Amino acid sequence: MGNDADMSEYAPETYITNPVIHWDAYYVEAIQKWIDGEWVSESYIGGLKEGMADIAPFGKNVPQEVQDLVNEQKQAIVDGEFAVFTGPVYDQNGEIKVAEGETLSIEDILVMDWFVKGIKGTIPE
12 MGNDADMSEY APETYITNPV IHWDAYYVEA IQKWIDGEWV SESYIGGLKE
62 GMADIAPFGK NVPQEVQDLV NEQKQAIVDG EFAVFTGPVY DQNGEIKVAE
112 GETLSIEDIL VMDWFVKGIK GTIPE
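Each position in the sequence shown, counted from 1, maps to that position plus 11 in our numbering.
So this is what it looks like as structure tokens:
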């Protein structure tokens, strides 16, 4: 996996994919608001739906069925049919952090101080 750009040329046999941020999706809108006199300073979180986040093309060894599943989930996120942090979600110690049927808000995600089940490591204090 890479980060922020297609890194497949550096590890063509083992590359999977990686997140990509399209800053142009944000800047075009922000600059137009500035031109129109409507821009205000604010925190901005853009994702798949806004066209700001995406994933790079899959590596050549990623099975088609995996690519299809990822693309289906990606579309479900865009369509508002799937939220990644919808419960039940457990932390790495097995404690329930998000109850069944509940979903973390973006504000909650931004201040998470725990890792989900399956992640190894600790958060520095």
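We put the CB at the ideal spot given by N, CA and C, even for glycine.
Here the structure is a predicted model, which means the values were calculated and not measured.
Original post:
Do Asp47 and Val31 come within 8 Å of each other at the CB atom, strictly closer than that value?
Top reply: Numbered from its first residue, the sequence shown carries residue 31 at position 20. Numbered from its first residue, the sequence shown carries residue 47 at position 36. Not closer than 8 Å, so no.
Subject >> Residue from Asn82, Leu80, Gly62 and Lys108 with nearest C-alpha to Trp34 >> reply: Here residue 34 refers to the residue found at position 23 of the sequence shown. Here the closest residue by C-alpha is Gly62.
**OP:** Output the distance between the C-alpha atoms of Glu20 and Gln103, rounded to the nearest integer angstrom.
**Re:** Residue numbering aside, residue 20 sits at position 9 when the sequence shown is read from its first letter. Residue numbering aside, residue 103 sits at position 92 when the sequence shown is read from its first letter. Between Glu20 and Gln103, the C-alpha separation is close to 34 Å.
Original post:
Do Tyr101 and Phe71 come within 8 Å of each other at the CB atom, strictly closer than that value?
Top reply: Numbered from 1 along the sequence shown, position 60 holds the residue referred to as residue 71. Numbered from 1 along the sequence shown, position 90 holds the residue referred to as residue 101. According to the sequence as given, residue 71 is Lys; it is not Phe. No, the Cβ-Cβ distance between Lys71 and Tyr101 is not below 8 Å.
**OP:** Given a cut-off of 8 Å, decide if Glu113 and Gly91 are closer than it, judged by their beta-carbon atoms.
**Re:** As a working note, residue 91 is residue 80 in the sequence shown. As a working note, residue 113 is residue 102 in the sequence shown. No, the Cβ-Cβ distance between Gly91 and Glu113 is not below 8 Å.
Original post:
DSSP puts Val31 in a beta bridge; with which residues?
Top reply: As a position in the sequence shown, residue 31 is number 20, starting the count at 1. Per DSSP, Asp65.
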